[in-house]
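Residue numbers are given in numbering that gives the first Met the number 0: position 147 of the sequence shown equals residue 146, and the series is strictly consecutive.
All residues carry an ideal CB built from backbone N, CA and C; glycine is no exception.
Note that the coordinates shown come from a computational prediction; the quantities given were computed from them, not determined experimentally.
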Amino acid sequence: MAVLSAGMLAAFPAMLGGANAQASATAPRMQLGVPQENTWLDDWTSIAVISGADGIALTHVSNLLSLHGIGAMSMGSLSYGVFVENINANRAKRVLIDDATKNPYWLHVGDKSFDRADKTITVQINRTPDEYGRIKTDPRDPFIERAVREVYMSLNPKPGETTQGEPKWDFVKYIETAKRRYLDERGHWNAGYDFTVQFGATESKGAYYDYRGCVWDEGKECQLSGGGGSYR
């Protein structure tokens, strides 16, 4: 569960005018937590559903509602329900619908559904993670470089550990990215990326592993969603 006090939807990230952004900038963002009051559901209502694997959109929705002075709360796993106080429900729905119409992301509000339409770019790499970092093959560093290293560390055992039946994923075959934009907590537009990185194994030429995730906040935030592939 994630709780937003007075505007926080921030466990996970609009065309806002400058006046709107300034007027609502004092509302706090959403944070993880659980309300202590047993009666909280009497005062809050679900207004939207958003993907739990999309940290960029969760961050964006958190900041968007906060900038409008709307407190929020989210809870879920594969998907997250977005909750606001009853008094703010209709206004929050209008804010989200207007935003997603102009800046689409996966979102369900009432009887309206939105999906992303991001352009995907594939960059062939075929280098080890260390080589990739040195050569700077992809101009989107440090965003994607951070993602590559996160995935590499998650796939390969740490020193002293072993894995059964898995090859060593020792080079990057390609990276597929889609550029996203989101509002930061100051109400400024920022860039992030969805990505799929495919690793290969020198010892097993047919083996591959695709790993998906997203990265934002100039590479400081990286959410890995998992993946799969062939070990042969």
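Item to check | Close beta carbons around Thr127, own chain, < 7 angstroms, minus the five adjacent residues each side | outcome: The count along the sequence shown starts at 1 and reaches residue 127 at position 128. The answer, listed in chain order, is Asp169 and Phe170.
Checklist entry - Closest to Ile46 by CA distance: which of Gly54, Asp53, Gly70 and Tyr208 is it? => result Counted from its first residue, the sequence shown places residue 46 at position 47. With distances taken between Cα atoms, Ile46 lies closest to Gly70.
Next on the checklist: Using only the alpha-carbon positions, how far apart do Ser50 and Ser203 sit?
Outcome noted: Here residue 50 corresponds to residue number 51 of the sequence shown, with the count starting at 1. Here residue 203 corresponds to residue number 204 of the sequence shown, with the count starting at 1. Put simply, the backbone Cα of Ser50 is about 35 angstroms away from that of Ser203.
Checklist entry - Looking only at its own chain, which residues have a Cβ that is under 6 angstroms from the Cβ of Tyr79, when we skip the five neighbours before and after it? => result Counting from 1 along the sequence shown, the entry for residue 79 is found at position 80. Spatial neighbours of Tyr79 in its own chain (CB-CB distance under 6 angstroms, excluding positions within 5 residues in sequence) are listed in chain order as Ile49, Gly51 and Ser73.
Checklist entry - By how many angstroms is the C-alpha of Trp43 removed from the C-alpha of Val83? => result For the purposes of this step, residue 83 is identified with residue 84 of the sequence shown, where counting begins at 1. For the purposes of this step, residue 43 is identified with residue 44 of the sequence shown, where counting begins at 1. Their Cα atoms are separated by approximately 5 angstroms.
Next on the checklist: Can you find the residues in the same chain that come closer than 8 angstroms, C-beta to C-beta, to Ser153, ignoring five residues on each side of it along the sequence?
Outcome noted: Position 154 of the sequence shown, counting from 1, holds the residue named residue 153. Within the same chain, Ser153 has close Cβ partners Tyr210 and Leu223.
Item to check | Residue range of the beta strand (DSSP E) that includes Ala56 | outcome: What you label residue 56 is simply residue 57 of the sequence shown in a count that begins at 1. Looking at the DSSP string, Ala56 is not in any beta strand (DSSP E); the run it does join, the alpha helix (DSSP H), is Gly54 to Leu66.
Next on the checklist: The alpha helix (DSSP H) that contains Leu182, what's its start and end?
Outcome noted: By one-based count along the sequence shown, residue 182 stands at place 183. That residue, Leu182, is in no alpha helix (DSSP H); its beta strand (DSSP E) goes Phe170 to Leu182.
Next on the checklist: Using beta carbons (cut-off 8 angstroms, strictly below), is Val122 in contact with chain B?
Outcome noted: The structure shown contains no chain B; it holds only a single protein chain.
Checklist entry - Cα separation between Leu31 and Val122? => result Start at 1 with the first residue of the sequence shown, and residue 31 comes out as number 32. Start at 1 with the first residue of the sequence shown, and residue 122 comes out as number 123. The predicted model places Leu31 with a pLDDT of 41, which falls under 50 and marks its position as unreliable, so this point remains unresolved.
Next on the checklist: In whole angstroms, give me the CA-to-CA distance for Asp216 and Pro166.
Outcome noted: Reading the sequence shown from its first residue, position 217 is the one you call residue 216. Reading the sequence shown from its first residue, position 167 is the one you call residue 166. If you take the alpha carbons of Asp216 and Pro166, they lie about 33 angstroms apart.
Next on the checklist: On the DSSP bridge list, what partners appear for Trp43?
Outcome noted: Counting from 1 along the sequence shown, the entry for residue 43 is found at position 44. Bridge partners of Trp43: Glu84.
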